[in-house]
Amino acid sequence: MVKYIDLTDPLTQEVTTYAIIENAEGYESMTKVEYDQRQAEQSTPIVIDETKTK
Amino acid sequence: MATSPNYGWLEPDNTDLVKNGALSIRTLGNAIDTTMATMTPKSTYTAKGSIAAATAASTPANLAVGNNGETLVADSSTSTGLSYQANWAAAKNKIINGDYRINQRGFSSVTANDTYTFDRWRTLSGGTVTYAFTPQTFTPGTAPVAGYEGSTFLQCAISAATSSYIGISQRIEDVRTFANQSIVVSFWAKAASGTPSVDVVVNQDFGSGGSSSVNTIGTKQAISTSWTRYSFKITVPSISGKTIGTSSFTNVYLLFSDAIIGSGVGDQTGTFQIWGFQAETGTVATAFQTATGTLQGELAACQRYYWRQTVSTNQPLAPTGGCATAAIADSALYFPVTMRLNPSSIEVSNVGFYNWGNGSIYESGTITSAAATLYAINLRYTHGSNVFTTGQSGALIGRAASSYIGINAEL
């Protein structure tokens, strides 16, 4: 399960959205931007533009 | 009669009769001819560095000298059974953790695609396939290489496969690795039953923003039910004209079943075991070595990509921290080795914040990366309520028997 939380940096007041991906052991934490990027990469099939047999 | 001092050829005595001279000369000549026929002709040596090597019994041939720095290795595919190879004594193996000694994640079973097993080794699957990767332990003395006592090996058990592929892969940093070179990928393998085939694929991934990836597929080989070393020769294409993006890599796959990628292995079920994985330049698999040659070296090499600290209850994980606000506590953590890039994510299991100022331990918050570099990370513990006193010190600690924080900079 993925939860999103907004955290405010106490020094800069900048707000960053984090993705918290829960699993059986605990959770994985990364920014939402990085999470979306990883999801896009994992859903992309292997691209083969030139296959050679040796 | 007299005899010559080295080869014992028969020679006439000083007092022999002249009338017997013709016979004596002929006898001596035949003896010399017989001896000379057993010798390597001088013409065999054609140039500086030439050595004589046999192509068959009593059949000498010239073996030309190799390039500077190369060493001579046995190579049954050549006429003389020998070839010169660029065989560096150390660091020839570009595969990290090829002997499966490092398992920072403590993996015990993996059944999903794109998931790490032993350090640096990730699963690769697609289509309808059911499988489980598990770590296995060698009984002492049963590892397949004399003189190298292996500890653990990797097992893949495939229970169902339809129009699918399943393998194990290692992403070697930088697509320039092995580009435009002949390489040999070698490993020991064993099947639980039958003679299933396996194949090796080298996938050149040019990274984010780079050219499309290129697959080079080896020639599949059947494996047996006893530990045997298999080697796959692959000519990795040049990267001339390609665009290299960020985080490019050379991905070496070992396929246990494949009806998709084009290896010809086909959909297969069964149990496969592998150990001693090596990828090196050249055309012959040389003696197995890990990438670094030492256990600590392998651990450090793995930690460039992923680092996990696992501790017990109340043991420190990030021992230098403090309360930044009433709801936020930051803790610094320095990495044991420089990471590949600023870590992209963290993994957390059963970690709490021990506020030394008020003596309380908090477990309900969330830990995120507030800032990270190649060398250190600022872990931010965010509590749902205002419970801290700004400025008080504290630390992130384990709150269960196997608590951990994992730092991820994998390819």
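Protein sequences, first through last, are from chains Y and Z.
In terms of my numbering, the numbers along the first sequence are unbroken and rise by one, the last being 108.
In terms of my numbering, the numbers along the second sequence are unbroken and rise by one, the last being 500.
Glycine included, C-beta positions come from ideal geometry on N, C-alpha and C.
Keep in mind it's a predicted model, so treat the numbers as computed, not measured.
Best match in the options for proximity to residue i [C-alpha to C-alpha]
| i | options | result |
| --- | --- | --- |
| Z/Glu499 | Z/Ser491, Z/Gly138 and Z/Thr204 | Z/Thr204 |
| Z/Phe442 | Z/Ile494, Z/Ala465, Z/Lys322 and Z/Arg397 | Z/Ile494 |
| Z/Ser258 | Z/Leu468, Z/Asp294 and Z/Gln481 | Z/Asp294 |
| Z/Lys279 | Z/Trp210, Z/Gly365, Z/Leu213 and Z/Thr409 | Z/Gly365 |
| Z/Arg209 | Z/Trp396, Z/Ser282 and Z/Asp164 | Z/Trp396 |
| Z/Ser434 | Z/Ile496, Z/Asp122 and Z/Phe207 | Z/Ile496 |
| Z/Gln404 | Z/Pro101, Z/Ala459, Z/Ile486 and Z/Ser197 | Z/Ile486 |
| Z/Tyr464 | Z/Ala376, Z/Glu100 and Z/Arg393 | Z/Arg393 |
| Z/Gly386 | Z/Glu369, Z/Ala421, Z/Thr402 and Z/Val426 | Z/Val426 |
| Z/Gln481 | Z/Arg429, Z/Leu384, Z/Ser420 and Z/Val218 | Z/Ser420 |
| Z/Gln174 | Z/Pro233, Z/Asn444, Z/Ala413 and Z/Ala374 | Z/Ala374 |
| Z/Ala407 | Z/Ala484, Z/Ala461 and Z/Asn182 | Z/Ala484 |
| Z/Ala246 | Z/Phe361, Z/Ala390 and Z/Val476 | Z/Phe361 |
| Z/Thr144 | Z/Thr167, Z/Met125, Z/Thr402 and Z/Val354 | Z/Thr167 |
| Z/Thr383 | Z/Thr129, Z/Ala180 and Z/Lys131 | Z/Ala180 |
| Z/Phe377 | Z/Phe276, Z/Asn340 and Z/Val303 | Z/Phe276 |
Contacts of residue i in chain Y (Cβ-Cβ under 7 Å)
| i | result |
| --- | --- |
| Z/Thr471 | Leu61 |
| Z/Ile417 | Pro64 |
| Z/Pro326 | Lys106 |
| Z/Ala413 | Pro64 |
Within chain Z, partners of residue i - CB distance below 7 Å
| i | result |
| --- | --- |
| Y/Met84 | Ser433 and Ser434 |
| Y/Gln96 | Asp203 |
| Y/Tyr72 | Thr457 |
| Y/Tyr81 | Val437 |
Unbroken beta strand (DSSP E) run spanning residue i, endpoints
| i | result |
| --- | --- |
| Z/Asp294 | Ser286 to Asp294 |
| Y/Arg92 | No beta strand (DSSP E) contains Y/Arg92, which is instead part of the alpha helix (DSSP H) from Lys86 to Gln96. |
| Z/Ala418 | Ile417 to Tyr423 |
| Z/Ala390 | Premise fails: Z/Ala390 lies in the alpha helix (DSSP H), Leu384 to Gln392, not in any beta strand (DSSP E). |
| Z/Trp98 | Counting along the chain, Z/Trp98 falls outside any beta strand (DSSP E), and DSSP gives it neither H nor E. |
| Z/Trp396 | Tyr395 to Val400 |
| Z/Leu485 | Ser482 to Gly487 |
| Z/Val354 | Taken as a continuous stretch (DSSP letters only), Z/Val354 belongs to no beta strand (DSSP E), as it is neither H nor E. |
| Z/Thr471 | Ala465 to Thr471 |
| Z/Glu262 | Thr241 to Glu262 |
Residue i, DSSP secondary structure in three states
| i | result |
| --- | --- |
| Z/Arg209 | coil |
| Z/Thr127 | coil |
| Y/Asp60 | strand |
| Z/Glu452 | coil |
| Z/Leu171 | strand |
| Z/Leu406 | strand |
| Z/Thr231 | coil |
| Z/Arg318 | strand |
| Z/Asn192 | coil |
| Z/Ile333 | coil |
| Z/Leu112 | helix |
Within chain Z, partners of residue i - CB distance below 9 Å
| i | result |
| --- | --- |
| Y/Glu88 | Ser433 and Ser434 |
Same chain, Cβ closer than 6 Å to residue i, neighbours up to 5 away in sequence not counted
| i | result |
| --- | --- |
| Y/Gln96 | none |
| Z/Tyr470 | Ala418, Phe442, Gly454 and Ile456 |
| Z/Ser214 | Asn202 and Ile255 |
| Z/Gln225 | Phe242 and Gln244 |
| Z/Thr223 | Ser198 and Gln244 |
| Y/Asp60 | Val69 and Thr71 |
| Z/Ala53 | Chain Z is shown only over 90 to 500; residue 53 of chain Z falls outside these bounds and no answer can be derived. |
7 Å CB neighbourhood of residue i in its chain, flanking five on each side removed
| i | result |
| --- | --- |
| Z/Ile333 | Val264, Phe295, Gly296 and Gly299 |
| Z/Leu117 | Trp98, Leu99 and Glu100 |
| Z/Ser352 | Asp288, Val290, Ile306, Lys309 and Leu344 |
| Z/Gly330 | none |
N-terminal and C-terminal residue of the alpha helix (DSSP H) that residue i is part of
| i | result |
| --- | --- |
| Z/Gln362 | Premise fails: Z/Gln362 lies in the beta strand (DSSP E), Gly359 to Thr370, not in any alpha helix (DSSP H). |
Check: residue i C-beta below 6 Å from any heavy atom of the ligand NAD
| i | result |
| --- | --- |
| Z/Thr169 | In terms of ligand content, the structure shown is empty, and the ligand NAD therefore cannot be addressed. |
Residues near residue i in its chain [Cβ-Cβ closer than 8 Å; skip 5 each side]
| i | result |
| --- | --- |
| Z/Leu503 | Lying before the first or after the last residue shown, residue 503 of chain Z is absent from chain Z, which here runs from 90 to 500. |
| Z/Thr372 | Asp164, Ser166, Ser172, Gln174, Ser271, Val273 and Lys322 |
| Z/Asn431 | Ala461, Thr462, Leu463 and Ala498 |
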